[in-house]
Amino acid sequence: MATPHDRRGSSIAADVDAAIERVVSHFESNDLALRMDVLRALSAQSRLAFETARVRERLAQHPVSMDLLSCVTTQSPVYKQLAERLAVESCSCDYDARRNAVMSTSVRWTQPSRASSSSQTKKRRKTAGATTSAAAAAPLITHYKYERVLSEKEEGGQETLVRFTMVVAFGDEDATPKELLHFEMACESAYPRSYYEEQQQLESEDEGEGGEEAGVAEKQEAQNGETKAGGGDAAEEEAEEEGETFGEELRAFRFDDAVLAKMAQWMGAVEEQLDPVDVVGFFLALPVCEDEWMVDERVCDIL
């Protein structure tokens, strides 16, 4: 499904058009690129710049990463440095008529060289410092993929399968990225429910409250009679309610502690104390899928 674009909704459209024309004229007048090539590149790069700004803003607002950036739950400045230097390298979002979705995002994390800063105060060990600096300069690239598929169940009805995967690559030359997290969850209905469906349900419930109040006493009496008649059944129902899954079933879950440890080492866990809980929470707080809070609930379970 395509995203509509309408310049009438922007008060700065004329200024943006003028800026675009200046950029295009620069490339054309210097024989650097054709007009269509420049416009195509501007379209792609502006989308990535927007996604980068959105991710940075989300990290500053998310309850897990917000305290890390403000150094409330940790004394390490590495989280703030990473947030300031991250860049979204690619992103895609595809839907179909059944609201099935596939979303993919790749984020590049560039860390300031700890070795170069220490060499300013310590001139010794130049060779070792250069080696450490080169290792620290290698970027960390995280790939996120979110899939939602609505399908028909064999016994009738519908269910939704949600998959979320995070893969990590250490440097551009890493030919075998490592999987940090993967989970699959099945929901016994279409998921997520539309915002307008929720609003319509709330309105219908409010309208029906008046008529329901008239029969509350009768319903309570009937329920009390059923409870007395079947005490054992009620106890069993209560036990089942304690394990209520709200129609969700976890089909698969994988989490690699070794990959997490390597990520912490890349961040500088050798030089400073980094809590693994903070590390995984920081990298999983990014808005890389449609239903961010659904994934956040799973992140909290992991933490």
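For what it's worth, this note's numbering labels the leading residue of the sequence shown as 965, then goes sequentially. A virtual CB, placed ideally from N, CA and C, is assigned to each residue, including glycine. Keep in mind it's a predicted model, so treat the numbers as computed, not measured.
key: Contact between the segment 1014 to 1024 and the segment 1219 to 1228 (3+ Cβ pairs under 8 Å)   = no
key: 6 Å Cβ shell around V933 - same chain, five flanking residues per side excluded   = Shown here, the chain extends from 965 to 1267; a query on residue 933 therefore has no answer.
inquiry  = Using CA atoms only, rank isn't needed, just tell me which of V1052, V1036 and L1046 is closest to A1008.
reply    = V1052
message = Tell me whether the segment 1101 to 1110 and the segment 1064 to 1071 touch, counting them as touching only if at least three CB pairs, one residue from each stretch, are closer than 8 Å.
response = yes
query = By how many angstroms is the C-alpha of C1055 removed from the C-alpha of M1000?
reply = 22 Å
ask   = R1215 by DSSP, collapsed to three states: which one?
value = strand
query = Is there contact between the segment 1139 to 1148 and the segment 1114 to 1129, where contact requires at least three CB pairs shorter than 8 Å?
reply = yes
query = Looking at A1101 and F1134, is the spacing between their C-beta atoms short of 8 Å?
reply = no
DSSP beta-bridge partners of Y1059 = A1065
query = Do you know how far the Cα of A997 is from the Cα of S989?
reply = 10 Å
key: Environment of S1040 [buried if 16+ CB atoms lie within 10 Å]   = buried
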